[in-house]
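Numbering (my numbering) for the sequence shown: 801 to 1234.
Cβ atoms here follow ideal geometry from the backbone N, Cα and C, with glycine treated the same way.
First up is the structure itself, then whatever we jot down about it.
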Amino acid sequence: MKFDNTARRGVGFAVPLTAIFVASLASEACTATVTPGDSESVAQSSEAVTADPVPCGAFADAVDGNTGSVTIGASTLIDSYQSSLGAYGGSNVGSAAVVQAATTITNNGGVVHGTLKQHAAGGFAAVPVPSGAKNLPLGSSTPGTLSINTAAQSITLAPGNYVAANINVSSPGAINVSPAGEVRIWVTGSLNLGGNLNLNGIPKNLAFLLPNSGFVNIGSGSLFGVVYAPTSSVFVSGPVFGSVIGSSVNVNSGGAVHFDQSSECNAPPGPELDQSFTTGDDLSDGLYGKPVLMAQTYTAGITGNLEGVAIDVTSFTTFVARIQIEALNASGAPSNVVLGTANAATSGNLSINTVIPFTTAIPQVAGQQYAILVDYPSAPTFVNNAPVAGVWNGSDGNLYTRGTLFTTFNNGTTWTSSASEGFDLHFQTFVTPN
801 MKFDNTARRG VGFAVPLTAI FVASLASEAC TATVTPGDSE SVAQSSEAVT ADPVPCGAFA
861 DAVDGNTGSV TIGASTLIDS YQSSLGAYGG SNVGSAAVVQ AATTITNNGG VVHGTLKQHA
921 AGGFAAVPVP SGAKNLPLGS STPGTLSINT AAQSITLAPG NYVAANINVS SPGAINVSPA
981 GEVRIWVTGS LNLGGNLNLN GIPKNLAFLL PNSGFVNIGS GSLFGVVYAP TSSVFVSGPV
1041 FGSVIGSSVN VNSGGAVHFD QSSECNAPPG PELDQSFTTG DDLSDGLYGK PVLMAQTYTA
1101 GITGNLEGVA IDVTSFTTFV ARIQIEALNA SGAPSNVVLG TANAATSGNL SINTVIPFTT
1161 AIPQVAGQQY AILVDYPSAP TFVNNAPVAG VWNGSDGNLY TRGTLFTTFN NGTTWTSSAS
1221 EGFDLHFQTF VTPN
């Protein structure tokens, strides 16, 4: 193989991963692990909550008219606070509230400290009742009507999933959450909330979900939680500390929504830089069309999903490079077992600063070796003395000790290792850990 050192570029450096990968949280599930308490006064769920059925996007808005409008009445207030900083009020009042509607937002004299987003559908879907949800009223054999009108009728729920046909709560009745953790209550009929609901608690810890189109009213009292009713009209006439999602939402005079910034979902872990070889600049390996391929092997350092790679290529053609990931065979050469494929976004040079993502994540295991293969599949079939289509830049001196350069002239039937010459090509891998 002829190595062409006539065209060189400066070797780049990795850029922050936040600039490379952006993850949408609109429909991702939030996660938490909770352990029910031991008190006999606490109704325990049959199983711990491990995945929050409420979409993360539901914790991103103060008010969301999922498929319809939002109406804000006179003498209403929509703003934000952070439950992690203590009670709402004083310095703990912010302007991070988002009011969103699929159609229009009508403000009849209310005060909104935040952002209004009209003609933006929420995209929320009803969440069905999960198997194993505990029936309310407690002890009933089927979901029934839970009515709480006095302090003596108040109940305390441990973290878990519950289901009722209807719920009616009025002051001084209460629904309490203890120990702290996520209580999720499905209501298959109507929901009429008053009294004290998770009073002064973390709003994310209490959510009412309506899987069907029903009646929802949030009246006097205090709700520290979330109402997730994407196919129901919701009326708010009392204070809510948290979020309200309905097909349409009316915040009536006397109502308020104080969005809790602390209840927003955390972004899932993004890809991390795993293997990286960018040093040295005294090697350029020619890239051609079929059946010639260049490969750089590497040893994974992170168990997880390979999301993308960056390579250092100088192009002399308008063809688009192809990148493949293969497992290795018993002799340590590429096995022709392709684990994933990606194409460069455009023709031209490929920078070590630009990640080429795979459309499907590729599982990899720490300590195992893999190969990054690069070629130009649209280029003319290789013949002796064919013009080079591009060069993959790297270095000699065995500066990357966990892999090496391989070449093939017969589409992988046989591979030639450059380990004895100490040749390695510049690359970086980005992995989301398991």
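Any 3 or more C-beta pairs closer than 8 Å across the region 1056-1064 and the region 874-885: Using a C-beta cut-off of 8 Å, the region 1056-1064 makes contact with the region 874-885, since at least three inter-stretch Cβ pairs fall below that distance.
Whether Ala1100 touches Tyr1170 by CB criterion (8 Å): In this structure, the beta-carbon distance from Ala1100 to Tyr1170 falls below 8 Å.
Strand pairing of Thr1146, partner residues [DSSP]: In the DSSP assignment, Thr1146 forms no beta bridge with any residue.
Coil, strand or helix - Phe1015 by DSSP: Residue state for Phe1015 is assigned as strand, using DSSP reduced to three classes.
CA-to-CA distance, Ala860 to Asn1105, given in whole angstroms: Each residue's Cα considered, the two are about 27 Å apart.
Supposed close pair Val1191, Ser1076 - CB separation, criterion 8 Å: Contact between Val1191 and Ser1076 does not hold, since the beta-carbon distance rounds to 20 Å and is not under 8 Å.
Three CB pairs or more closer than 8 Å across the region 1162-1176 and the region 1112-1126: Yes, the region 1162-1176 touches the region 1112-1126.
Sequence-distant residues of its chain with Cβ nearer than 7 Å to Phe1116 (five each side left out): The beta carbon of Phe1116 sits closer than 7 Å to the beta carbons of Val1188, Ala1189 and Gly1190 from its chain, once the five residues preceding and following it are set aside; these are given in chain order.
Closest by C-alpha distance to Val898, when choosing among Asn1149, Tyr888, Ile872 and Gly886: Nearest of Asn1149, Tyr888, Ile872 and Gly886 to Val898, Cα basis: Ile872.
Contact check, Asn949 vs Pro943, beta carbons under 8 Å: No, they are not a contact pair.
Close beta carbons around Gly922, own chain, < 8 Å, minus the five adjacent residues each side: So the list reads Gly857, Asp861, Asp864, Gly865, Asn866, Thr867, Gln900, Ala902, Pro1030 and Ile1045, once near-sequence residues are dropped.
Own chain, CB closer than 6 Å to Asn1211, minus 5 neighbours either side, in chain order: Same-chain partners within the cutoff: Pro1091.
Meets three-Cβ-pair contact criterion under 8 Å: the region 1153-1167 and the region 1212-1220: They do not touch, by the three-pair rule.
Beta-carbon contacts of Asn1136 that lie in its chain and below 7 Å, excluding the five residues immediately before and after: For Asn1136, where only same-chain residues beyond five positions count, the Cβ hits under 7 Å are Glu1126 and Gly1212.
Assigned exposure category for Ser1131 - 16 Cβ within 10 Å defines buried: Counting the other Cβ atoms within 10 Å of the Cβ of Ser1131 gives fewer than 16, which makes it exposed.
Whole-angstrom C-beta distance between Thr1078 and Gly789, which should lie under 8 Å: Absent from the structure is residue 789, since the part of the chain shown begins at 801 and ends at 1234.
Three-way DSSP call (helix, strand, coil) for Thr1232 in this model: Of the three classes helix, strand and coil, the one that applies to Thr1232 here is strand, per DSSP.
Cβ neighbours of Ala951 in the same chain (closer than 8 Å, five flanking residues each side left out): If we look at Ala951 and ignore the five residues flanking it on each side, its Cβ neighbours are Pro972, Gly973 and Ala974.
Ranges of the beta strand (DSSP E) found wholly within the region 1082-1135, counting only runs of at least 3: Fully enclosed beta strand (DSSP E) runs of 3 or longer: 1083-1087, 1093-1099, 1104-1111, 1113-1115 and 1122-1128.
Between the CA atoms of Pro1233 and Gly939 - distance to the nearest angstrom: Computed Cα separation, rounded: 43 Å.
Residue burial classification, Ser1220 (beta-carbon count within 10 angstroms, cutoff 16): Here Ser1220 is exposed. Its C-beta has fewer than 16 other C-beta atoms within 10 Å.
Uninterrupted alpha helix (DSSP H) stretches inside the region 1020-1049 (no shorter than 4 residues): Counting whole runs of 4 or more residues, the region 1020-1049 contains no alpha helix (DSSP H) stretch at all.
Distance, Gly1197 Cα to Phe1206 Cα: One C-alpha to the other measures close to 15 Å.
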